[in-house]
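Residue numbers (our numbering): 102 to 518.
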């Protein structure tokens with residue numbers, strides 16, 4: 102028995118719909134192909150393995166993550182020889198996963214964007230004019246790096262300024278917040294080791310953390326992990342405004358006198374007290390505040406240290422030279438701690454996450470991978486990303502961050518003498 106009229110109609114309709122769908126798909130495929138062919142070629146990304154900062158061991162991309170990166174991006178990446186060596190991964194294992202491997206000089210000569218976590222002035226000297234550097238340049242407080250970027254028309258995309266932004270333009274979350282947590286964690290871990298102390302054994306220890314961002318969270322985690330549970334946090338925010346507080350931590354507000362930056366006040370349950378003697382009651386003081394370099398605060402002067410117990414520990418995670426503490430200056434892994442006052446230990450390694458370089462590289466890599474395509478697609482894609490656009494501190498030698506000019510007392514006009 103042949104098909105009914107109804108069946109025939111349904112069949113014709115189905116055929117018509119299928120044809121229309123196929124035509125639509127073909128049109129979409131053609132449009133996608135045209136868009137793809139019209140897309141600008143990807144920038145070539147050079148990923149360096151060596152750092153001129155002594156004892157810097159972090160890498161921007163974890164060797165175990167390359168298989169997760171899109172093929173077209175990997176094809177435009179050049180890794181420095183020995184990239185995965187410290188992680189037990191050979192060049193022969195990495196070679197099939199990327200476009201090429203080469204020497205540091207080869208990479209700088211042949212790539213558009215250089216990925217380097219802790220660039221030094223000598224690194225910028227080696228870059229080609231007009232090249233892009235993606236890492237932590239910290240331009241505001243580094244006049245030499247700033248001047249080199251201006252003179253060589255470089256573009257600096259600063260990790261320290263990479264943030265997730267809300268739709269209304271307000272701050273959401275720092276892209277590398279896990280690295281910041283590790284800074285607090287590693288600084289506490291390393292400094293306690295140097296002091297030969299733990300809270301699990303020996304005399305019970307107390308601690309106070311100044312500030313409560315990601316860095317402070319890492320510091321509290323390390324203190325608790327090593328048996329120091331009597332921990333207080335000082336914040337200049339109202340207590341109710343502290344996001345995701347740690348239940349076991351006592352949060353206390355303190356205030357600053359703009360006219361007397363040495364005289365901060367802590368608002369305790371028993372009333373206001375001066376900051377310096379309040380800090381002196383603790384065995385460990387951890388500074389995790391983000392300073393405004395143009396309006397810095399000082400929490401302790403050397404004369405305040407007479408009130409501290411001998412052998413007390415001050416861990417300066419923020420480590421801004423001349424800020425926070427009158428004697429503040431960065432230290433190194435080779436000489437990580439020195440004595441201030443009669444017998445107070447001061448630790449201020451300014452790249453402490455390198456202490457746990459494998460874990461830190463993993464966290465940096467996880468944070469960075471979502472932005473690889475945006476950066477490698479070049480300026481047109483940068484403009485569509487608030488995270489990247491707002492992290493460009495210097496663009497082709499033109500300073501974008503006014504704080505750089507203000508802190509370095511430069512002219513607002515190019516070339517910013």
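Think of the CB as a built atom: it goes at the ideal place given N, C-alpha and C, for glycine as much as any other residue.
Inset, instruction - Mind listing, in chain order, the continuous alpha helix (DSSP H) runs of no fewer than 4 residues lying wholly within the region 165 to 225? - result: 172 to 175, 192 to 195 and 205 to 211
Legend entry - For residue 351: DSSP bridge partner residues: 333
Legend entry - CA-to-CA distance, residue 378 to residue 186, given in whole angstroms: 49 Å
Inset, instruction - Select from 408, 214, 438 and 515 the residue whose C-alpha is nearest the C-alpha of residue 291. - result: 438
Inset, instruction - Would you give the residue range spanned by the alpha helix (DSSP H) that residue 325 belongs to? - result: 315 to 326
Legend entry - Status (buried if at least 16 other CB within 10 Å, exposed otherwise) for residue 146: buried
Inset, instruction - Determine the direct distance from the alpha carbon of residue 321 to that of residue 331, and round the result to whole angstroms. - result: 10 Å
Legend entry - Contacts around residue 460, its chain only, beta-carbon distance under 8 Å, and the 5 residues preceding and following it disregarded: 283
Legend entry - Distance between residue 405 and residue 519 (C-alpha atoms, nearest Å): Because the chain here runs from 102 to 518, residue 519 falls outside it and cannot be looked at.
Legend entry - Cut-off 7 Å between Cβ atoms - residues of its own chain near residue 114, not counting five sequence neighbours on either side: Caution is warranted here: a pLDDT of 38 is assigned to residue 114, below 50, making its placement in the model unreliable, and the coordinate value is therefore given only provisionally. None.
Inset, instruction - Identify, in the order they occur along the chain, each residue of the same chain with its Cβ nearer than 6 Å to the Cβ of residue 365, setting aside the five sequence neighbours on each side. - result: 355, 357 and 376
Inset, instruction - From the DSSP output, in three-state form, read off residue 460 for me. - result: helix
Legend entry - Those runs of the beta strand (DSSP E) which lie wholly inside the region 366 to 446 and span at least 3 residues: 372 to 375, 385 to 388, 399 to 401, 414 to 417 and 438 to 441
Legend entry - Completely contained alpha helix (DSSP H) runs for the region 220 to 274, where each covers 4 or more residues: 222 to 227 and 244 to 252
Inset, instruction - Give me the Cα-Cα distance between residue 350 and residue 329, rounded to the nearest whole angstrom. - result: 11 Å
Legend entry - Assumed close pair residue 215, residue 228 - CB separation to whole angstroms, cut-off 8 Å: 7 Å
Inset, instruction - Have a look at residue 352 and residue 334 and give me their C-alpha separation to the nearest angstrom. - result: 5 Å
Inset, instruction - Provide the residue span of the beta strand (DSSP E) that contains residue 503, from first to last. - result: Note, residue 503: premise wrong, no beta strand (DSSP E); alpha helix (DSSP H) at 503 to 508.
Inset, instruction - Taking residue 396 as the reference, give the member of 479, 360, 194 and 475 with the closest Cα. - result: 360
Legend entry - Helix, strand or coil at residue 467 [DSSP, three-state]: helix
Inset, instruction - Report yes if the C-beta distance between residue 482 and residue 493 is below 9 Å; otherwise report no. - result: no
Inset, instruction - Identify the continuous alpha helix (DSSP H) that holds residue 488 and give its terminal residues. - result: 487 to 490
Inset, instruction - Work out the CA separation of residue 222 and residue 549 for me, nearest whole Å. - result: In the structure as shown, the chain begins at 102 and stops at 518. Residue 549 is therefore absent and cannot be evaluated.
Inset, instruction - Could you tell me the distance, in whole angstroms, from the CA atom of residue 491 to the CA atom of residue 499? - result: 14 Å
Inset, instruction - Assess, as a yes-or-no matter, whether the region 260 to 272 is touched by the region 299 to 307 under the definition of 3 or more beta carbon pairs within less than 8 Å. - result: no
Legend entry - Whether residue 220 touches residue 246 by CB criterion (9 Å): yes
Inset, instruction - Decide if residue 444 is buried, meaning its Cβ has at least 16 other Cβ atoms within 10 Å, or exposed. - result: exposed
Legend entry - Those residues which DSSP pairs with residue 146 across a bridge: 178 and 214
Legend entry - Limits of the beta strand (DSSP E) - the one that residue 155 falls within: Element bounds for residue 155: n/a, residue is neither H nor E.
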